[in-house]
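Undergrad: I am attaching a structure below and will ask some questions about it afterwards.
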Amino acid sequence: MICSDITLPEAVSKNFEAIAQGKTIEQLEQQVLENHNCAYQALDSDEWLNFTLMLQQVWQQNDHAIVRGKPDQEGNTAVLLGLALNSRFKPYRGNKVLKHFRMSPWTTELSQTLKEGHFHTDLCTAQTPPKVTLIQCRVADPSPGKGILRVARLEAILIELKRIGADATLDFLLKEECELVDERAHGSYQGVMANHDTIRYHPETLRAAYRRKGMPLHELERHLATIHEVALMTSTPIDLQSGDALLVSNTRALHYRSACSVRYLEFPRKFEAREIYVLHLLDSPAWPI
Ligand SMILES: [Fe+2]
């Protein structure tokens, strides 16, 4: 496997800066929603093409890529990086593409809680889940070793489940009719969760469906624990610093975040915490060649 890390070339980074100047993030979001096919004149350069070719190579090998770059506090880089995959952006609230999350000790929301997350795919109950998730670190966790990401590739998970003889869990993923329920979005999906090319998966949505039907959880929990263990074994820690971004396939890999921390400046409301931008792309990347 080739290394997943790419450094954003200086020239591209400068170009990003120039594009972002004099433009609000709302204007940029509007622009990329209208112009998803990367006919973005301002990025047209040899450096940009070389960068997208490099990204393509890494992506095709790893189903994810980490782009290290310089800090960007406004999220422009996340949006402009998304253009490299030449896909439609997923809009929300009509004309937004970028979500901003700040971790908090005072919430149980999965996207902002300090508690360790699950290996999952995003929006797994949607009729057609987005193909790519892009996460950019705005502010790193105040404690080293906290808020660490991981990516477990579907292919690696299936190979490892086979290797350890976890046939029941393989059947659970590849053959069983399951229900996934998103209690917040009131969405649900019914069907098989994975084949050898694509997966939709979130432990909480499976638990919600079991609870709704009044089914006992113990067998489900065994499968979830096996998948978690195998996903941990087949992935490595990814530590994003301010400005760094993770682009990950939302159909060919699961992603995960470890527990986060906060540093109180004034208890209970004033604290430093990890902040991220998240956006989704609707199509599989369309690469230059
Ligand atoms: Fe996620």
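To convert a position in the sequence shown, counted from 1, into the numbering used here, add 108. Quick reminder that beta carbons are idealized off the backbone N, C-alpha and C, glycines included.
1) Does DSSP put S296 in a helix, in a strand, or in coil?
2) Could you tell me which of P345, E291, N358 sits nearest to M301, measuring between CA atoms?
3) Are there three or more Cβ pairs, one per stretch, closer than 8 angstroms when the stretch 171-187 is compared with the stretch 349-364?
4) Just how far apart, CA to CA, sit R319 and E329?
5) Which residue spans inside the stretch 127-190 form an unbroken beta strand (DSSP E) run of at least 3?
6) If you measure from the CB of D171, is any heavy atom of ligand 1 nearer than 6 angstroms?
7) Go through the stretch 331-386 residue by residue and report every complete run of the beta strand (DSSP E) that reaches 3 residues or more, in order.
8) Consult DSSP for I307 and reduce its assignment to one of helix, strand or coil.
9) Using CA coordinates, which residue listed in N303, G253, Q244 is at the minimum distance from I456?
10) Taking K207 as part of the beta strand (DSSP E), name the residues at either end of that continuous run.
11) Measuring only the C-alpha atoms, how far is R377 from A317?
12) Determine whether the Cβ of F375 lies closer than 7 angstroms to any Cβ atom of chain D.
13) Per DSSP, L288 is paired with what?
14) Compare the C-alpha of L389 against each of Q138, T185, I110, P237 and name the closest.
15) Can you tell me the Cα-Cα spacing of L151 and L387, whole angstroms?
16) Given 6 angstroms as the limit, tell me if D230 has its C-beta closer than that to any heavy atom belonging to ligand 1.
17) What residue from E284, E224, Q165, D113 has the CA that sits closest to I397's CA?
18) With DSSP collapsed to three states, give me the class of R319.
19) Between which two residues does the beta strand (DSSP E) holding R261 run?
20) Report the partner residues of K204 according to the DSSP bridge assignment.
21) From T221 to I256, what distance separates their C-alpha atoms?
22) Less than 6 angstroms between C-beta atoms, sequence neighbours within five positions excluded: which residues of the same chain meet that for D230?
23) Check whether the Cβ atoms of K254 and S369 lie closer than 7 angstroms to each other.
24) To the nearest angstrom, how far is it from the Cα of T185 to the Cα of A276?
25) Excluding sequence positions up to five away, which residues of its chain have a Cβ less than 6 angstroms from the Cβ of H331?
TA: On the basis of the data shown:
1) strand
2) N358
3) yes
4) 12 angstroms
5) 172-176
6) no
7) 353-357, 361-365, 370-374, 378-381
8) strand
9) Because the chain in this structure spans residues 109 to 397, residue 456 falls outside the shown range and cannot be described.
10) 207-210
11) 35 angstroms
12) This model lacks chain D altogether, as it is built from one protein chain only.
13) Y297
14) P237
15) 20 angstroms
16) yes
17) Q165
18) helix
19) 257-261
20) Y200
21) 14 angstroms
22) T241, N358
23) yes
24) 43 angstroms
25) T277, F280
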